[in-house]
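Q: Residue numbers (the numbering used here), protein chains in the order written: chain S, 1 to 129; chain H, 130 to 618; chain L, 619 to 1113.
For every residue, glycine included, the Cβ atom is placed at its ideal position computed from N, Cα and C.
Quick one: the structure is below, and I'll ask about it shortly.
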Amino acid sequence: MDSQLYNYWLVILLMMTGLYALIARGNLIRKIIGLNIFQVSVFMLYISAGFIREGAAPILSPNVDVYSNPLPHVLILTAIVVSVATTALGLALVIRIKAAFGSIDDDTLSYSSGDSATELSIKTQKSSQ
Amino acid sequence: MIAQHAQILVVILPLLCAPLVLLLGKSRIAVWFTVGVLSVNALLTWWLLLQVLTIGTLRYSLGNWPAPWGIEYRLDPLGALLQVMIASIAAVMAPFLRKLLAEEIGSSRQYAALVAFILLTAGLLGIVATGDAFNVFVFLEISSLSTYALIAIADKRDALLASFRYLIVGTIGATFFLIGIGLVYILTGTLNMDDLAVRLPEVSHTNTTQIALIFVTIGIAIKAAIWPLHAWLIPCYSYAPRGIVAFLAALSTKVALYALARFLFGVFPLADMPIGSVLLEILQLLAIAAMLIGSAAAIAHSNVRAVLAYSSVAQIGYITLGLALATSAGVTAAIIHMFNHAFIKGSLFMCIAILATGSGKHTLESLKGLGHRMPIVGIALLIGGFSLVGVPLTSGFISKWFLITALVQAEKWIWIVAVLLSSVMSIIYVWKIVEAVFDKSDDKQVRSYDLSVDIPIVLLAAVSLYIGINSSALVSTAEQASKWLLGMP
Amino acid sequence: MALGNALMDASSGLGLILSTPFIGASLMILVRRAPVLRDAVTMITSVSLFILVAMLPSNSDGAVFVLAEPISGLPISFGTEPFGKLFAFIASGLWIVTSIYSIGYLGQKTDPNKTRYFVCFALSLGSTMGIAFAANLFTLFIFYEALTLVTYPLVAHYGTPESRNGARKYLQILLGSSIALFVPGIIIVYLFAGTLDFQEGGVLNGKLDPAFTIPLLLMFLYGVAKSAVMPVHSWLPSAMVAPAPVSALLHAVAVVKAGVFTITKIIAFIFGWEMLASSPGANLPLYIAGFTVIAASVHALQQDNIKSMLAYSTIAQLSYVVMAASLFLPIGGLAAALHIAAHAVAKITLFFVAGAIYLKSGYTLISQLNGIGRNMPLTLLAFTIAAASMIGLPPTAGFFSKWFLLQAAFTTESYFTVGVITISTALNAAYFLPILYRAFFKAPNEDQKSFGEAPWPVLAALLFTAALSITFLAYGNAIMELEAPIFGSIFNKYD
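What follows is the structure, encoded as structure tokens:
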């Protein structure tokens, strides 16, 4: 295995872990954790792509010729902000859901006034993710 | 000065307006301030559209950093048309929301909803305004986060659950999209969409490009609710606050479809890519499935909001089909329907929102006879319904005319049969609603509303009628937009 | 004076004709609180519409009046043309009679929806005028759809679950078929011919593969469900839940005739006679229509409900017109025009009679009609005349139109048509004559109340239309002269 690519394998491992947690776990908090792992894997993907062998940190200095690409870092900084906001909103919703339903287990939550077909479509969606 | 920066102002104005509204808090000025800002914004977009149509694509380098290094905002005919649609609908709906939000959410949290609404508008405008792929992601998330918040803001059980589930699915979609653009960035070293279009053909045969295209398409397809990735949409449209749904149904999926069109035709070299034609074929099949299954589900439901939500799934199918034909006529038809459907669905959901205010329920039973009590809303609902079916002299007919024309030209005879079948099914579910609303046997006593609610409904319905009577301006803009999108002279 | 000048000119004449029903409808809404005034407005509107149509110069110069242009290249435009003028003339003339009848018919009961009724009636006539004078297929289609929508409230007038179900079926079949087949048909014609204008000789000639000609025509035949060719006929029996005057004017004249009018126009001016006659499978529409004639007549024979029987009879008679047009000859067009006129006056009388009987006795079934001729002799006299016309006995209108239809059939040596007409005439007699026997010769049922003739407006209306059926000779010639420019004279053949 090409040692250069090991962090991409890590990305894939994290991505699958995150997605698995997202789908397999009924607990809403665990879903959010899964979502976070999933997102972090993508951040790693970007950062890995920006790395240049022998490259220094992208801080201007007279004795360095090769820098790593700073752009992915900046992009991911933004993406992290988005991710934090999503997590915060998700957690806030979980608190509300706990108050309203008395449970945060996705398998026990269902729409109260909805008709059955709607629920059905939610379930199918869950299994298809 | 303003003219020079108008392109960015369209996005900045609402972004600046949002914190101000938060500061203004519960004071009554907040609402009218919002209406004012959004109206100015709408005028700006109209002016920009005229500019684009006369002098061509506008470019604006953010912070004077030249593209492709800096972030570039670019406005093409399609973007300008969609901006007009977004900004106008937002401006028209703001006074409408004032009334409904106060009622459903309570005045104490009304301003928070207003802030989220403005941010949503800014996000949608941003997606269209930018020429930078990563920026699309950021604005996509700004609009999505505000949407999650807006859906849950009424603090109703079902809405909370719908919002959370949408958050999970929506974030997966956005992250898929992020992976996709990350891959093309790794390949080409650029995120500027025009620059990508120049550089991607060199690597069009690599596996990475194919994977990137798939990730981008699936990511956007989730946001656009393309069947079978539509499931989040039904509970969201069914349980979100009534006023909010009108806005969401009008715009959010349309903007995602715009992004899909941009990436399919303006970024990826589909024609050179091994999976390009396969992807288009798959999208066509999904579109057909969306039309038929969406319409069938709409017939089966008795909750009016679920009916309209499934109808949206079907209508998104029409738009996707037009895009996936990848011919000039097909994309023109898709753009026309994108525009028309925004106004049709917006006005329909507004009508239902008003009619359901008394009972708070959305079943056919609870709406019985209300069309007679509120004739203006009833007539607007009728116009919207006719438009959905595609009765002549409404905008829906124009959409269908151009879509079928495109299909005939592409000689997709079986697709035509599916489109027609779905149209016929739409008669059934639309008439179900119309019949209930105008059922005289049930006489309910309901409050009537003031003009601030009626005028927005009338305006949106009037757009439907106007386009039905004189579509030439919309059609020529759409033709120009599709030519530009497909890179034709 | 200004009005006189305006009428000289076809363009402003058309503008007036098309706006009159809509102005009338608006006025009726304004004066809805005063029933007498509203009825007066209805009468004035119908009379002035008829006068305007009668005064319209009948030149066929194509489009003379453009209203709007929804899709660039496809204007909503109108023109005068003899066939359209005939249709408009029949519809507007019978509207006057129907208005009188309606006032008498609805006057008996306090009906809160009467204003809606009269307004929708005016709008239906406005749409019919749009169909009659449309200068292109696109315009015709728009008013065709409008006619479906504005007649829906009339069909659902009573608001009972039964009438709503019937009306829903009515709307869904008419709207559904037109969207599923009519619209794509129009688009295909537009893409191949580059125009949708009605032109003599057709616009598709030489531009379409002959193999696709008849399939495309069949799309129109089923897309225009108002012509009630089987199997898209079932909306018509469903529409019988409507009040009698609605069935009379709309479902014996305006709506159904709009269907066969559209078919004839499409055959004559979109495809063109020669093109169709030489296409492979040219006999198919004829067979479909012929089958409909026979099948609908058999159905009519089995009905006990008077209006259902009349509805199936209408389906059969409409297919006569389709058959006439499907001979793909100008003479067939002439026979179609004559039959549209002849059937209109006869069938409206029959529906008027059915309404009058229902109004006085509440009877809706044929089996209840024993001895009713003694109670309502004049009404049943009108019925007899109209039935004779339906069967085609001289000297009624039906005789003449059937005569020309047969002549057209013999010209093309279409013995299928001759056979169908012969059989259906026998069937017509088989379902009309027993009713007459029942009404005049059978003893009344024991529980039958005694009642007299219907109110005078109702009676006057039905006697007038019955009179039109026996005086057809007086004006039949005028119709033929009117139509001669486009369908040629029936006598040309022998010159």
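#1: I'd like to know if the stretch 626-641 of chain L and the stretch 661-673 of chain L are in contact, where contact means that at least 3 CB-CB pairs between them fall below 8 Å.
#2: Check this for me: beta carbons of ALA918 (chain L) and PHE816 (chain L), under 9 Å apart or not?
#3: In terms of residue numbering, what span does the alpha helix (DSSP H) encompassing ARG656 (chain L) cover?
#4: List the endpoints of the continuous beta strand (DSSP E) containing ILE689 (chain L).
#5: Going by beta-carbon coordinates alone, are THR338 (chain H) and PHE397 (chain H) separated by less than 9 Å?
#6: Determine whether the beta carbon atoms of ALA262 (chain H) and ASN321 (chain H) lie at a separation below 9 Å.
#7: Just reading off the beta strand (DSSP E) that ILE533 (chain H) is part of, what are its end residues?
#8: Listing by chain order, which chain S residues have their CB less than 7 Å from the CB of ARG371 (chain H)?
#9: What did DSSP end up calling THR492 (chain H) once you bin it into helix, strand or coil?
#10: Which residues in the same chain have their Cβ closer than 6 Å to the Cβ of PRO603 (chain L), if we skip the five residues on either side of it in sequence?
#11: Which residues mark the beginning and the end of the beta strand (DSSP E) in which TYR202 (chain H) is found?
#12: Taking the C-alpha atoms as reference points, what is the distance between THR124 (chain S) and GLY26 (chain S)?
#13: Using beta-carbon positions only, say whether ALA291 (chain H) and ALA369 (chain H) come within less than 9 Å of one another.
#14: Since SER41 (chain S) is in the alpha helix (DSSP H), which residue starts that stretch and which ends it?
#15: If you draw a straight line from the C-alpha of ALA872 (chain L) to the C-alpha of PHE739 (chain L), how long is it?
#16: Here's the rule I'm using: 16 or more other beta-carbon atoms within 10 Å means buried, otherwise exposed. How should SER985 (chain L) be labelled?
#17: In or out: GLN39 (chain S) buried (at least 16 other Cβ within 10 Å) or exposed?
#18: DSSP on ASN754 (chain L), reduced to helix/strand/coil?
#19: Quick check: what's the CA-CA separation for LEU45 (chain S) versus LYS155 (chain H)?
#20: Using a Cβ-Cβ distance cut-off of 9 Å, determine whether THR78 (chain S) contacts chain H.
#21: Helix, strand or coil for THR259 (chain H) per DSSP?
#22: Can you tell me whether PRO1075 (chain L) is helix, strand or coil according to DSSP?
#23: Is there a Cβ from chain H that is less than 9 Å from the Cβ of VAL64 (chain S)?
#24: Specify, as a first and last residue, the run of the beta strand (DSSP E) that ILE694 (chain L) falls within.
#25: Could you check where the beta strand (DSSP E) with ARG328 (chain H) kicks off and where it finishes?
#26: For the stretch 763-771 of chain L and the stretch 689-702 of chain L, state whether three or more C-beta atom pairs, one from each stretch, are separated by less than 8 Å.
#27: When you compare only the Cα positions, how much space is there between ALA462 (chain H) and LEU450 (chain H)?
#28: Just the Cα atoms here: how many angstroms apart are ILE596 (chain H) and VAL582 (chain H)?
#29: Would you say VAL963 (chain L) lies against chain H (beta-carbon separation less than 9 Å)?
#30: Mind checking GLU1101 (chain L): buried by the 16 CB within 10 Å criterion, or exposed?
#31: Bridge partners for ARG734 (chain L) per DSSP, in chain order?
#32: Kindly identify the DSSP beta-bridge partner or partners of ALA56 (chain S).
#33: Taking the CB atoms as reference points, tell me whether ASN823 (chain L) and PHE889 (chain L) lie closer together than 9 Å.
#34: Go through the stretch 395-436 of chain H residue by residue and report every complete run of the alpha helix (DSSP H) that reaches 4 residues or more, in order.
#35: Quick check: is the beta carbon of GLU687 (chain L) nearer than 9 Å to any beta carbon in chain H?
#36: Roughly how far, in whole angstroms, is the beta-carbon of LEU269 (chain H) from the beta-carbon of ALA219 (chain H), given that I think they are within contact range, below 8 Å?
A: The relevant details are as follows:
#1: Yes, they touch.
#2: no
#3: Its alpha helix (DSSP H) spans residues 653-673.
#4: 683-689
#5: yes
#6: yes
#7: No beta strand (DSSP E) contains ILE533 (chain H), which is instead part of the alpha helix (DSSP H) from 524-538.
#8: Under the 7 Å cutoff, chain S gives no residues; its nearest Cβ is about 14 Å from ARG371 (chain H).
#9: strand
#10: Any answer about residue 603 (chain L) is impossible in this case: the structure gives chain L only from 619 up to 1113.
#11: Where TYR202 (chain H) is concerned, the enclosing beta strand (DSSP E) starts and stops at 201-204.
#12: Note that THR124 (chain S) has pLDDT 40, beneath the 50 cutoff, so the model's placement of it is unreliable and the number below is only indicative. Spanning the two alpha carbons is a distance of roughly 15 Å.
#13: yes
#14: 28-50
#15: 11 Å
#16: A residue is called buried when at least 16 other Cβ atoms come within 10 angstroms of its Cβ; SER985 (chain L) does not meet this threshold and is exposed.
#17: Classification of GLN39 (chain S): buried, given that the 10 Å Cβ count is 16 or more.
#18: strand
#19: Cα to Cα, the separation comes out at about 44 Å.
#20: yes
#21: strand
#22: helix
#23: no
#24: 692-696
#25: Element bounds for ARG328 (chain H): not the beta strand (DSSP E) but the alpha helix (DSSP H), 322-328.
#26: no
#27: Rounded to whole angstroms, the gap between the alpha carbons of ALA462 (chain H) and LEU450 (chain H) is 9 Å.
#28: Separation of ILE596 (chain H) and VAL582 (chain H) (C-alpha to C-alpha, rounded to the nearest whole angstrom) is 22 Å.
#29: No, its Cβ sits nowhere closer than 9 Å to a Cβ of chain H.
#30: buried
#31: Beta-bridge partners of ARG734 (chain L) (DSSP): none assigned.
#32: S:TYR67
#33: yes
#34: 405-429
#35: yes
#36: At roughly 17 Å, the Cβ-Cβ gap does not stay under 8 Å, so LEU269 (chain H) and ALA219 (chain H) are not in contact.
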